[in-house]
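For reference, the structure discussed in these notes is given below.
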Amino acid sequence: MLGLDQFIAELNKSISMFLPETALVIAFLVALLLDLMFKKSKNLTGYTALIGFLVTGYFLFKQMNMQSTAFSNMFVIDQFGIFMKWVILLSSIGVVLISFFTNELYEKAKGVGEYFTLIIGMAFGMFLLVGSSNLIIIYLAIETMSLSSYVLAGYTKEVKRASEASLKYVIFGAVSSGIMIYGISILFGLTGSLNLFEINRFLAANPVNNFALFLSVIMILSGFGYKISAVPFHFWTPDVYEGAPVPITAYLSVASKAAGFAILLRFFKVTFLDSVPGNDSVWTLLGSIDWHFVIAILAVLSMTLGNLVALWQTNVKRILAYSSIAHAGYMLMAVSTMDDAGVASVLIYFFMYMVMNLGAFYVVALIANNIGSEEIDDYNGLGYRAPILGICMTLFLISLTGLPPTAGFIGKLYVFSAVVKAGYIWLAVVGVINSVISLFYYVKIFRNMYLNDVDSNKSKLTYSPASIVLLFVFAIPTLYLGIFFNDIVKWASYSANIFMGK
Amino acid sequence: MDLVGLAFYFLAALIVISAAIVVFSKNIMYSAFSLMFTFFGVAGLYVLLNADFLAVTQIMVYIGGILVLIIFGVMLTTRITGVDVKSNSLGKIQVGIAGLLSTIIAISLIVVFSSTKWFLSEPKVSGDSTKLIGNELLTNYLLAFEAASVLLLIAIIGAAFIARRK
Amino acid sequence: MTLEYIPLVFMLVFGFGIATVFMYLSEILGAKRSTKEKNTTYESGMTPFKTARDRFSVKFYLVAMLFLVFDIEIVFMYPWAVQFKQLGSTGFIAMMLFIVLLLSGYIYVIKKGALKWD
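Protein chains in written order, with our numbering: chain A, 1 to 502; chain B, 503 to 668; chain C, 669 to 786.
Listed below in structure tokens is the structure:
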């Protein structure tokens, strides 16, 4: 009656393709129960999370060349998704490691059991989002990662600004996901399907009302835009980044953004690609709406607002928050080209951004461990009080600005060349001007660390050797990838092809 | 007008009026209670659409759960005695901007809903929608079903963590 | 199909109607002789020592929230229960997975003492 046998055969296949995500769910449950059983041990769930991520990595590695759909076309495994999943997985591991060295977490919160558990839960949500090809799954995945991040942002409940951050995050998040699901319902009403592949087929065969389509996609974009903190959906970013514990801020700025960009790219390509011309590397889009322009506008707004407002900030976390809005703008610029070169450049950019941004936030965490502040005025003379931190921070800032010979330069290079190649010269010009503006506030941090308060005889900062080793884990790739970037570029170009279904 | 049409307009009026009370009432408690009629009206619309399972769910979850939660929320956030719980603390400019934006959105939605040719599916076998939902949920939508359980689990942990005193 | 709901509509209308009519009838027809004694909270009981409209404890909220989550779980169970035979063992396993996940949430809540009142 249901064709149940056939379904079961397909289900078995689907489950074998869902192993990385399954590993995350199991790690999540194990961490939850271990935390209940061994209340005394401090980092047990943290280690569970690490092991869980390693197992996930193993399954992800085995999927390397797979390209298929699973669970009745609800979930896609392709190279693009796998690249993004690696970014998410590596940054999750990085964030767990950073958390071990963040005193704030151990001092201001009662136990870190749920903390690591929720990080695994959030990673699961992001994995699901990256691979989803059905609007219901997209919504569920966004909610899964949002709910975990709401709690994580306010994890240090005793700190007032953390609770405030969490509350703001919840309210903005609820509004944007409400708008998004409204958009989904309109899109469903237009096309009669929730599956992106079927929506694509419907749009190719039938003309639909442009205004309704435009409105629904803009509404759905508000959900994605919220995750990648693009203007005008960015309002939560500065407050949440400032209030949340540093590792969570880093996590939100890298992994959560990666998941958002992944679904943004997948949504646009799978929904709007016109498969008739046949040349997939330059997408021909269905319908007469100029989506290039819509995304380009978002990119310009995000870059410009992020960089300009960052100039006036006095808190390093807030500066990095606005800088992350600006970086979302750079990447949106590449998205607006809507071709495979643009996708590849977003992937490259994300890999570089992951290393340098996690590094920058890690330095902020280490400094906060000692001086208990993230105000830029308290950074005076830190270059002398903590030479290694100072040098590494400088490196990360250079990389975030996008100057050679660092990873950030390679990322920007590929983004700009993709934009120019697609013929959006004006957009590239805006991007370059913005990069110059961004130099001002990055230099401000550098200036305070090295040029102010030079002769202060305040005590040197203390940090454990292990924490320095971790710092080098971020610093060395930032330099290395700036010089030897061929492998990443190759991998990204290989992964740029988003699977279009059978 | 037939009976169904009559019922629809009655429910639509109920929803719109009670939703307007939710937004414009000066007393937040009235807003919360007025929300109940909105939810009821929506449940009625589901019935008219032959989605009886959804209608029951709407009543169970929204009126039985979420509304109670909202009323608890009102009762625990502010001092109820003395100060009236009010929602009119916005300045003129904010009200103006919000009003303008809402009007623009409302107009574009009205334009969309009146001018669009919607996708109309063949009416499926009318009858027990619960059975159909059960079949779909545990076959084609299996992934969504299991993902929902993870989502609910995270919600439990989050709720317990945030609201716990220690 | 929709006609099946007519009795329900009647029930709702009569339910609301009777309640409203009786409320207002007692208001109109009832004797009103207000004295000071009659207006106290408990006419011949204890004198109230503070207002009843106090702030709620956050614990109510937690309980309501947990109720809501498990309420939704029940909603998911209905369609499965109706189609239990047709869905067979796959459906059973899928549902068990669902329940195990939520059960671990329940264990978490109990163990963390979120349902303890003090």
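Think of the CB as a built atom: it goes at the ideal place given N, C-alpha and C, for glycine as much as any other residue.
Alpha-carbon to alpha-carbon, residue j and residue i
i	j	result
residue 548(B)	residue 556(B)	6 angstroms
residue 782(C)	residue 153(A)	21 angstroms
residue 583(B)	residue 672(C)	For residue 583(B), the predicted model reports a pLDDT of 46, less than 50, meaning its position is unreliable; a value from the coordinates is still stated below. Roughly 47 angstroms separates the two Cα atoms.
residue 348(A)	residue 292(A)	20 angstroms
residue 426(A)	residue 343(A)	20 angstroms
residue 184(A)	residue 197(A)	15 angstroms
residue 150(A)	residue 760(C)	33 angstroms
residue 406(A)	residue 362(A)	18 angstroms
residue 772(C)	residue 36(A)	10 angstroms
residue 528(B)	residue 594(B)	16 angstroms
residue 244(A)	residue 607(B)	33 angstroms
residue 605(B)	residue 67(A)	46 angstroms
residue 127(A)	residue 676(C)	46 angstroms
residue 488(A)	residue 390(A)	28 angstroms
residue 227(A)	residue 508(B)	43 angstroms
residue 138(A)	residue 13(A)	21 angstroms
residue 238(A)	residue 171(A)	15 angstroms
Cutoff 8 angstroms: residue i Cβ touching any chain C Cβ
i	result
residue 562(B)	yes
residue 529(B)	no
residue 400(A)	no
residue 33(A)	yes
residue 639(B)	yes
residue 651(B)	yes
Same chain only: Cβ atoms within 7 angstroms of residue i, ignoring 5 sequence neighbours per side
i	result
residue 544(B)	517, 560
residue 478(A)	355, 356, 359, 395, 396, 399, 406, 407
residue 53(A)	89, 92, 93
residue 352(A)	407, 408, 410, 411, 481
residue 640(B)	647
Residues that residue i contacts on chain B, provided the C-beta gap is smaller than 8 angstroms
i	result
residue 209(A)	614, 617, 618, 619
Partner residues on chain C for residue i, Cβ-Cβ distance less than 7 angstroms
i	result
residue 8(A)	758
Below-8 angstroms beta-carbon distance, residue i vs any chain B residue
i	result
residue 737(C)	yes
residue 38(A)	no
residue 252(A)	no
residue 697(C)	no
residue 780(C)	yes
residue 141(A)	yes
residue 212(A)	yes
residue 702(C)	no
Chain-ordered neighbours of residue i on chain C, where CB pairs are closer than 8 angstroms
i	result
residue 642(B)	Within 8 angstroms Cβ-Cβ: nothing; residue 642(B) doesn't reach chain C, min ~12 angstroms.
residue 555(B)	746, 747
residue 11(A)	758
Same chain, Cβ closer than 6 angstroms to residue i, five either side skipped, listed in chain order
i	result
residue 386(A)	461
residue 310(A)	319, 322, 323, 441
residue 247(A)	95, 98, 99, 102
residue 345(A)	334, 414, 415, 418
residue 115(A)	155
residue 65(A)	none
residue 59(A)	19, 20, 23
Cutoff 8 angstroms: residue i Cβ touching any chain A Cβ
i	result
residue 729(C)	no
residue 571(B)	no
residue 635(B)	no
residue 606(B)	no
residue 603(B)	no
residue 623(B)	yes
residue 776(C)	yes
Neighbourhood of residue i by C-beta, 8 angstroms cutoff - its chain only, sequence neighbours within 5 removed
i	result
residue 308(A)	437
residue 587(B)	The predicted model places residue 587(B) with a pLDDT of 49, which falls under 50 and marks its position as unreliable, so this point remains unresolved.
residue 178(A)	none
residue 26(A)	52
Residue i at chain D interface by Cβ criterion, 8 angstroms
i	result
residue 121(A)	Among the chains of the structure shown, chain D does not appear; the protein chains present are A, B and C.
Residues that residue i bridges to, as DSSP identifies them
i	result
residue 69(A)	76(A)
residue 282(A)	339(A)
residue 132(A)	75(A)
residue 508(B)	Bridge partners of residue 508(B): none, in fact.
residue 507(A)	Chain A is shown from 1 up to 502; residue 507(A) falls before or after that span and cannot be answered.
Proximal residues of chain B, C-beta to C-beta of residue i below 7 angstroms
i	result
residue 151(A)	660, 663, 664
residue 224(A)	In chain order: nothing, as chain B lies at least about 18 angstroms away.
Residue i: contacting residues in chain A (beta-carbon distance under 9 angstroms)
i	result
residue 537(B)	Near residue 537(B) there are no residues of chain A at all, since even the closest Cβ is about 15 angstroms away, more than 9 angstroms.
residue 725(C)	By Cβ distance, chain A contributes nothing, its closest Cβ being about 17 angstroms from residue 725(C), past 9 angstroms.
Chain C contact residues for residue i, given Cβ-Cβ distances below 9 angstroms
i	result
residue 147(A)	Correct list: empty, because the minimum Cβ distance to chain C is about 11 angstroms.
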